[in-house]
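In my numbering, the protein residues as written are 7 to 187. We put the beta carbon where it would ideally sit given N, CA and C, even for glycine. All of these numbers come straight from a predicted model, not from anything done at the bench. Below is one structure; the comments refer to it alone.
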């Protein structure tokens, strides 16, 4: 069976507000605390506060802003890891054989980020770079050299709907609103 050309990823359980516990659990509170330079108890408190008040916004500096940036990078990395395939190594009498499981995303040329935590990220390029292949996991089939774009106006889903009847207009609008980062 031929692999589909178009690959779409939607990770509803890796959000930075309403499904925040799942996102943090994906890598562990210890990892989040270490990256943030804070305690596990502080991470737990932030998660609990945001679950009670998901409408909270981070100011330009401070712990919540750092947390939002870290959460965005984790979401990018975890969602890409879920969607990218990997190679399995099998040793046979005839030599080493590699078996692909999942989708080969190594040739993906463009990665588009959307959503509040990415739009407001202090270093969006760094956040989207989390989607790329990491030499520490050489058997991963994540993208290798993508260009990064930001959907700064949250229009991708709307353009998807518009494209069913007006594909050229939707593409024109999308190109106008995506920003290369």
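Beta-ladder partner(s) of residue i, from DSSP
i: residue 118; result: 155
i: residue 44; result: The partner list for residue 44 (beta bridge, DSSP) is empty, contrary to what the question assumes.
i: residue 101; result: 98
i: residue 124; result: Note: residue 124 sits in no beta bridge, so no partner.
i: residue 5; result: Here the chain has residues from 7 to 187 only, and residue 5 is not among them.
i: residue 185; result: 156
Chain B within 9 Å of residue i, Cβ atoms only
i: residue 89; result: Among the chains in the structure shown there is no chain B, since it carries only a single protein chain.
Supposed close pair residue i, residue j - CB separation, criterion 8 Å
i: residue 47; j: residue 84; result: Wrong, their Cβ atoms sit about 23 Å apart, outside the cutoff.
i: residue 153; j: residue 115; result: 6 Å
i: residue 112; j: residue 92; result: The Cβ separation is near 11 Å, so there is no contact.
i: residue 30; j: residue 53; result: 6 Å
i: residue 139; j: residue 132; result: With 8 Å as the limit, residue 139 and residue 132 do not qualify as a contact, their Cβ atoms being about 16 Å apart.
i: residue 168; j: residue 176; result: 4 Å
Coarse secondary structure for residue i, derived from DSSP in three states
i: residue 106; result: strand
i: residue 93; result: strand
i: residue 56; result: helix
i: residue 37; result: helix
i: residue 84; result: helix
i: residue 130; result: helix
i: residue 21; result: coil
i: residue 210; result: Residue 210 cannot be examined here, being either before or after the span of the chain that is shown, 7 to 187.
Other residues of its chain near residue i: CB distance less than 6 Å, five sequence neighbours each side excluded
i: residue 119; result: 134 and 156
i: residue 117; result: 134, 137, 152 and 154
7 Å Cβ shell around residue i - same chain, five flanking residues per side excluded
i: residue 35; result: 46, 49 and 50
i: residue 149; result: 111, 112, 114, 117, 137, 138 and 139
Same chain, Cβ closer than 8 Å to residue i, five either side skipped, listed in chain order
i: residue 128; result: 71 and 75
i: residue 69; result: 42, 44, 48 and 52
i: residue 162; result: 118, 120 and 180
Next item on the list: For the segment 82 to 92 and the segment 48 to 68, state whether three or more C-beta atom pairs, one from each stretch, are separated by less than 8 Å.
Entry: no
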